[in-house]
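Numbering (this note's numbering), first residue to last: 12 to 349.
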């Protein structure tokens with residue numbers, strides 16, 4: 012099912028299907044323009060990644076390429092990739108590697124996506140079984156060109172995986188299904204995941220600049236309405252800090268998420284993928300992250316992970332099972348890139 016909502020390239024022409032726009036080309040048409048960063052702030056000593064098992068990292072990459080699969084770890088240039096791949100985990104990104112949105116904080120390419128791959132659910136299920144995963148996270152690009160936003164493709168992936176790996180827990184990290192929420196929820200309620208995740212990303216004041224085409228209240232409603240139709244399935248939400256928000260705004264956002272019955276929370280530091288992406292406004296201290304975690308615990312979330320290098324699917328299984336957030340690393344290895 013497709014719609015006629017087709018992206019255009021920076022020249023104003025209809026985008027060529029499969030063409031990837033990145034960096035300055037990607038953000039050229041967003042409402043709040045991005046000025047390329049000249050002076051890159053030095054990362055503090057608590058922005059560090061763990062480098063592990065290069066052979067295992069390559070094995071995961073080879074397995075994914077053989078099955079023609081994508082991961083958000085690679086496409087979004089996640090700094091935790093070496094640690095997660097080294098530990099034998101990955102977050103699968105379905106429905107291609109071209110997004111119909113232009114969020115200036117994200118490194119995933121924008122453009123006019125290719126048609127869905129009908130074999131992708133089977134390939135993903137085979138990969139999950141082959142890797143022996145007990146917990147898998149499935150996310151996607153935004154697909155505003157599909158009449159159901161891709162909801163049926165999520166369900167197909169869940170069904171195929173449960174055939175071959177019935178004991179594997181599945182967390183899905185979904186887009187906002189703009190204009191398609193009701194049909195998407197109806198489809199997904201027929202075969203729900205074990206965890207339903209949707210990232211709100213930032214505070215409402217920054218939505219026009221950081222999430223063009225999205226709406227803060229719409230994202231809250233998606234989380235709330237899913238819980239209404241699937242009350243036994245936990246919901247989860249992630250956000251970034253360092254985009255220009257205030258501490259008071261983050262606290263209020265956490266209050267909103269709890270009021271909409273969200274169970275799990277992740278909060279991490281925004282890191283600028285390139286000079287043409289949204290700049291880092293500040294590096295939030297570990298102490299401020301801990302204040303968010305304490306506030307979240309007081310609100311009654313099942314588990315809240317709040318630390319500089321936390322991402323929405325970072326060791327999602329450990330968070331699901333109630334483990335505390337890993338301690339902040341200092342002076343291990345600086346994050347590459349900007």
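Virtual Cβ for every residue (Gly too), placed ideally from N, Cα, C.
Model, not experiment: these values are computed from the prediction.
What did DSSP end up calling residue i once you bin it into helix, strand or coil?
i, result
"residue 279", "strand"
"residue 207", "strand"
"residue 266", "helix"
"residue 162", "helix"
"residue 53", "coil"
"residue 146", "strand"
"residue 131", "helix"
"residue 168", "helix"
"residue 15", "Any reading at residue 15 must be qualified, since the residue scores a pLDDT of 49, below 50, and its modelled position is unreliable; the value itself is stated next. Coil, per DSSP."
"residue 230", "helix"
"residue 72", "helix"
"residue 175", "helix"
"residue 271", "coil"
"residue 196", "helix"
"residue 288", "coil"
"residue 28", "strand"
"residue 183", "strand"
"residue 310", "helix"
"residue 48", "coil"
"residue 138", "helix"
Looking at residue j and residue i, is the spacing between their C-beta atoms short of 9 Å?
i, j, result
"residue 201", "residue 166", "yes"
"residue 233", "residue 184", "no"
"residue 276", "residue 247", "yes"
"residue 225", "residue 187", "yes"
"residue 180", "residue 205", "yes"
"residue 158", "residue 213", "no"
"residue 278", "residue 262", "no"
"residue 182", "residue 147", "yes"
"residue 128", "residue 79", "yes"
"residue 31", "residue 156", "no"
"residue 29", "residue 123", "yes"
"residue 217", "residue 266", "no"
"residue 57", "residue 340", "yes"
"residue 116", "residue 283", "yes"
"residue 229", "residue 189", "yes"
"residue 211", "residue 144", "no"
"residue 105", "residue 149", "yes"
"residue 324", "residue 178", "no"
"residue 161", "residue 194", "no"
"residue 241", "residue 203", "yes"
Based on the DSSP secondary-structure assignment, which residues constitute the bridge partners of residue i?
i, result
"residue 110", "121"
"residue 260", "Per DSSP, none; premise fails for residue 260."
"residue 252", "280"
"residue 317", "278"
"residue 151", "105"
"residue 213", "Answer is none; residue 213 lacks a bridge partner."
"residue 246", "207"
"residue 82", "103"
Excluding the 5 residues preceding and the 5 following residue i in the sequence, name in chain order all residues of the same chain whose CB lies nearer than 6 Å to its CB.
i, result
"residue 331", "none"
"residue 34", "285, 287"
"residue 110", "119, 121, 152, 153"
"residue 114", "222"
"residue 15", "Because the pLDDT of residue 15 is 49, which lies under 50, any placement of that residue in the model is unreliable, and the question is left without a value."
"residue 126", "none"
"residue 304", "315, 317"
"residue 48", "286, 290"
Can you name, in chain order, every residue of its own chain whose Cβ lies under 7 Å from the Cβ of residue i, other than the five neighbours on each side?
i, result
"residue 1", "The structure shown does not extend to residue 1, since the chain is modelled only from 12 through 349, so no value can be given for it."
"residue 43", "219, 220"
"residue 314", "275, 330, 333"
Can you tell me whether residue i sits near the ligand HEM, meaning its C-beta is under 8 Å from at least one heavy atom of the ligand?
i, result
"residue 302", "Judged by which ligands are present, the structure shown has none, so any question about the ligand HEM falls away."
Counting Cβ pairs closer than 8 Å, one from the stretch 284-291 and one from the stretch 308-323, do we hit at least three?
Not touching, per the Cβ criterion.
Okay, do the stretch 32-52 and the stretch 297-306 touch, 3+ Cβ pairs below 8 Å being the bar?
no
Under 8 Å: do the stretch 126-140 and the stretch 154-173 share three or more Cβ pairs, one atom per stretch?
yes
Report yes or no: do the stretch 68-77 and the stretch 331-341 share at least 3 C-beta pairs separated by less than 8 Å?
no
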